[in-house]
Amino acid sequence: MARLIALVLIATVGAIILASRPAAVAAVSCMSVNDNLVPCLPYVTDEVGEPSSGCCEGVQRVLDYAPSKPDLVAVCNCIKADLPEMGKVDTPRIAGLPTACGISRNFPAIDSNYDCSMASEF
């Protein structure tokens, strides 16, 4: 009987510990990154002189997805993977998107050769 009580106690404590752990944060979704940055295509392909408000809102959301180094690398890789679909992009415009939107962070100058593991802060 003492053994059963000990097992129940251990199981209860284990369940409490597991229930009190914070939930895992979802990984950055490339679909979300790309969906948020689609309004920026006219700007990064040099078709317009300024990013649209929809573009700037998307840039802010994408930056919000990247509070940690692994998230930064994931966002960078999402953007890099989508470059062939974008056509001819102006790399400095990608890097300067946040500044053009009045946001105090920047993207790296992502191109097909950029090593996203080097991204340390956007």
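Using mature numbering (1 follows the signal peptide of the UniProt record, and there is no 0), the letters of the sequence shown correspond one by one to residues -27 to -1, 1 to 95.
Glycine included, each C-beta is placed from N, C-alpha and C at the ideal position.
Task: 7 Å Cβ cutoff met for C89 and N50 - done: Translated into positions along the sequence shown, residue 89 becomes position 116. Translated into positions along the sequence shown, residue 50 becomes position 77. Result yes, Cβ atoms of C89 and N50 sit closer than 7 Å.
TODO: Output yes or no for whether 7 Å exceeds the beta carbon distance between P24 and A73.
DONE: Within the sequence shown, residue 24 is the residue found at index 51, counting from 1. Within the sequence shown, residue 73 is the residue found at index 100, counting from 1. Closer than 7 Å, so yes.
Open item on the list: Could you give the first and the last residue of the continuous alpha helix (DSSP H) run that contains P26?
Closed with: As a first step, residue 26 must be located in the sequence shown, where it is residue number 53. Sequence check: residue 26 is Ser here, not Pro. 26 to 37 is the span of the alpha helix (DSSP H), which, as asked, contains S26.
Task: Beta-carbon gap between R66 and L36 smaller than 7 Å - done: Taking the sequence shown and counting its residues from 1, one reaches residue 66 at position 93. Taking the sequence shown and counting its residues from 1, one reaches residue 36 at position 63. No, the pair does not count as a contact, with Cβ atoms beyond the cut-off.
Task: Pair within 7 Å by beta-carbon distance, P71 and V11 - done: Counted from its first residue, the sequence shown places residue 71 at position 98. Counted from its first residue, the sequence shown places residue 11 at position 38. For P71 and V11, no; Cβs fall outside 7 Å.
Open item on the list: Check for me: the alpha helix (DSSP H) holding D55 runs from which residue to which?
Closed with: Position 82 of the sequence shown holds residue 55. First-last of the alpha helix (DSSP H) with D55: 42 to 59.
Task: Other residues of its chain near A54: CB distance less than 8 Å, five sequence neighbours each side excluded - done: For the purposes of this step, residue 54 is identified with residue 81 of the sequence shown, where counting begins at 1. So the qualifying residues of the chain are C3.
Open item on the list: Within a Cβ cutoff of 7 Å, which residues of the same chain sit near N7, ignoring the five residues on either side of it in sequence?
Closed with: Along the sequence shown, read from residue 1 onward, the residue named residue 7 stands at position 34. Correct list, in chain order: C51, D55.
Task: Best match in S5, N9, S93, D63 for proximity to N28 [C-alpha to C-alpha] - done: On the sequence shown, residue 28 is found 55 positions in, with the first residue counted as 1. First, the residue type needs correcting, since residue 28 is Cys and not Asn in the sequence shown. Comparing Cα-Cα distances from C28 to each of S5, N9, S93, D63, the minimum goes to N9.
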